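Colleague: One structure is given below, represented as C-alpha cells, and several questions about it will come after.
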Amino acid sequence: MNLVATIALASIASTVAFSGIPRGISRVGVTALNEKRSEADVLTRREALESWIVGAAAISTGFLASPQKALAFPNKISNQYDDRPKQHGSKPNGLGVAMRKDMAGEEYLGLRPCGAAPNCFCSTDNVEESPDTHIPPFQWPVKQFSSHEDAFQQLYDVVKAYEPGQSNIDGGGFDIVTFDPKAGYIYVQFESLKNGYIDDLELALVGGDKVTNAVQVRSSSRLGYLDFGVNAKRINSLAKNLRTKGWDAPGVEFDTHRGYAEENGLKSF
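Numbering (mature numbering (1 follows the signal peptide of the UniProt record, and there is no 0)), first residue to last: -17 to -1, 1 to 252.
This is the structure we're talking about:
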C-alpha cells in the first residue's frame, strides 16, 4: 500500500475509533439500545472499522491509479486491443467554416487548411499552392434534391453507413459529432484500432461558393507526420458510395497526388 493510502486509512481508523459512540449516550445506554436490535442488524465497532477500511482502500486506489482508458466508439470492429493505451491527440483548433488567409495573404471563406505533412486533404486548399493536399469538393445532383438540407441528409446517411475496418483502416470505429443540415455541416471523428489515433473529417457547405451544390471536404490526422494512406482511403470510400447515388465525387487520385503517395510509400490508394 502506498504512503498516501496508508495515511488516509490511518486517519479513517482514528475517526472511527473515537466516534463510535454518539454524544449524549452512555455506554449503558448504547448496550440497552443494541439489545433491542437483532444481531443481524448490528455492526460492531470492529466490523464498522473493517468496512471503512475496505471502502477507503477502494477510493484511494481509484484516486491514485492511472487515468481510465477513454471509451471507444461502439462501432469498433474488435475488442482485441482494448488494453493498449490510446493516443487520441487533441482536437485541432479552428475547425469549421471560417475566414482564412492563403499564402499570399488573401482572405477566403473555407475549412482549416492543411499543413505541410502528407496526412491531410482539404477542398478549400488552393490547388496551385497545395496540389498534394487539395481535393475537389463533393457535388450533389441538383435535380435530385429540393434543398441543401435534403442533400446533407443523404450525405449523413452515407457517412453513417461507413464501414469501420474497410481497407484495413478506422477499425476503432467513428462518431458523427456534429450534424447540422441547415448550416450544411458534418463533423466526424474516426479512430484507428490498435493505437486509438483520431482523425477528423469535415463536410461543409461554404457560403459564397460559385458552385452552390458543392460540399467542401477536409480529412486530417491529429498525430504523426505520415498517415500511410488512411485519409485517402477514407475519402475514396465515401466518394465511391456517393457516386452510386449520382454525386460527382472524384476523391483522391494517385496520378494527381503523387507527392502524397511517395512520401507515404504508397503505390495505390
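The beta carbon of each residue, even a glycine, is placed where N, CA and C say it ideally should be.
None of the values given here were measured: they were computed from a predicted structure.
What does a CB cutoff of less than 6 angstroms around Val189 pick up in its chain, not counting 5 residues either side in sequence?
Modeller: Position 206 of the sequence shown, counted from the first residue, corresponds to residue 189. The answer, listed in chain order, is Val80, Leu92, Gly93, Gln199.
Colleague: Tell me, which residues are paired with Leu184 by DSSP?
Modeller: The residue labelled residue 184 in the question sits at position 201 within the sequence shown. According to DSSP, Leu184 bridges with Val171, Ser202.
Colleague: Measuring straight from C-alpha to C-alpha, what distance separates Asn178 and Ser129?
Modeller: Your numbering for residue 178 matches position 195 in the sequence shown. Your numbering for residue 129 matches position 146 in the sequence shown. Distance between the alpha carbons of Asn178 and Ser129 is about 43 angstroms.
Colleague: For the alpha helix (DSSP H) containing Glu132, list its first residue and its last residue.
Modeller: Working through the sequence shown from its first residue, we reach residue 132 at position 149. 131 to 143 is the extent of the alpha helix (DSSP H) around Glu132.
Colleague: Rounded to whole angstroms, what is the Cα-Cα separation between Glu185 and Asn109?
Modeller: Indexing the sequence shown from 1 puts residue 185 at position 202. Indexing the sequence shown from 1 puts residue 109 at position 126. Distance between the alpha carbons of Glu185 and Asn109 is about 17 angstroms.
Colleague: List the whole-angstrom C-beta distance separating Gln122 from Asn196, where the pair is believed to meet the contact cut-off of C-beta under 8 angstroms.
Modeller: Indexing the sequence shown from 1 puts residue 122 at position 139. Indexing the sequence shown from 1 puts residue 196 at position 213. Right, their Cβ atoms sit about 5 angstroms apart.
Colleague: I'd like the span of the alpha helix (DSSP H) that includes Asn93, first residue to last.
Modeller: The count along the sequence shown starts at 1 and reaches residue 93 at position 110. Reading off the sequence, residue 93 comes out as Gly, not Asn. First-last for Gly93: 90 to 93, but that is the beta strand (DSSP E), not the alpha helix (DSSP H).
Colleague: Under 9 angstroms, Cβ to Cβ, is there at least one residue of chain B near Gly77?
Modeller: Among the protein chains of the structure shown there is no chain B, as only one such chain exists.
Colleague: Name the two residues that bound the continuous beta strand (DSSP E) containing Val160.
Modeller: Position 177 of the sequence shown, counting from 1, holds the residue named residue 160. 157 to 163 is the extent of the beta strand (DSSP E) around Val160.
Colleague: Could you spell out where the beta strand (DSSP E) holding Ala81 opens and where it closes?
Modeller: Along the sequence shown, one-based indexing puts residue 81 at 98. Looking at the DSSP string, the run of the beta strand (DSSP E) that includes Ala81 is 81 to 84.
Colleague: For residue 265, collect the residues of the same chain with a Cβ closer than 7 angstroms to its Cβ; drop the 5 residues on either side in sequence, then sort them by chain order.
Modeller: Any question about residue 265 goes unanswered here, given that the chain covers just -17 to 252.
Colleague: What are the boundary residues of the beta strand (DSSP E) that includes Phe128?
Modeller: If you number the sequence shown from 1, residue 128 lands on position 145. Segment: none, Phe128 is in no beta strand (DSSP E) and carries neither H nor E.
Colleague: List the residues that DSSP assigns as beta-bridge partners of Gly104.
Modeller: Along the sequence shown, read from residue 1 onward, the residue named residue 104 stands at position 121. At residue 104 the sequence reads Phe, which differs from the Gly that was named. The partner list for Phe104 (beta bridge, DSSP) reads Ser202.
Colleague: Return the chain-ordered list of same chain residues with a C-beta closer than 7 angstroms to the C-beta of Gly77, the five sequence neighbours on each side being excluded.
Modeller: Counting from one through the sequence shown, the residue named residue 77 turns up at place 94. The residues are Arg95.
Colleague: Using only CA atoms, which one of Val194, Lys165, Tyr145 lies nearest to Phe157?
Modeller: As a working note, residue 157 is residue 174 in the sequence shown. Closest by alpha carbon: Tyr145.
Colleague: Near Tyr243, what residues of its chain come up, given a Cβ to Cβ distance below 6 angstroms and the 5 sequence neighbours on each side ignored?
Modeller: Along the sequence shown, one-based indexing puts residue 243 at 260. Within the same chain, Tyr243 has close Cβ partners Pro101, Asp115.
Colleague: Below 8 angstroms CB to CB, which residues in the same chain sit around Lys126 once its five sequence neighbours on both sides are set aside?
Modeller: The residue you call residue 126 lines up with position 143 of the sequence shown. Taken in chain order, the list of residues that qualify is empty.
Colleague: Can you give the Cα-Cα distance for Phe162 and Leu138, rounded to whole angstroms?
Modeller: Counting from one through the sequence shown, the residue named residue 162 turns up at place 179. Counting from one through the sequence shown, the residue named residue 138 turns up at place 155. Each residue's Cα considered, the two are about 10 angstroms apart.
Colleague: Got a sec, what are the start and stop residues for the alpha helix (DSSP H) residue 316 sits in?
Modeller: Absent from the model: residue 316. The displayed extent of the chain is -17 to 252, so no value can be given.
Colleague: On the DSSP letters alone, give me the boundaries of the alpha helix (DSSP H) that Tyr251 sits inside.
Modeller: Counting from one through the sequence shown, the residue named residue 251 turns up at place 268. The displayed chain sequence assigns Ser, not Tyr, to residue 251. Where Ser251 is concerned, there is no enclosing alpha helix (DSSP H), given that its DSSP letter is neither H nor E.
Colleague: Using the three-state DSSP reduction, which class does Gln122 fall into: helix, strand or coil?
Modeller: By 1-based counting over the sequence shown, the position of residue 122 is 139. Strand, per DSSP.
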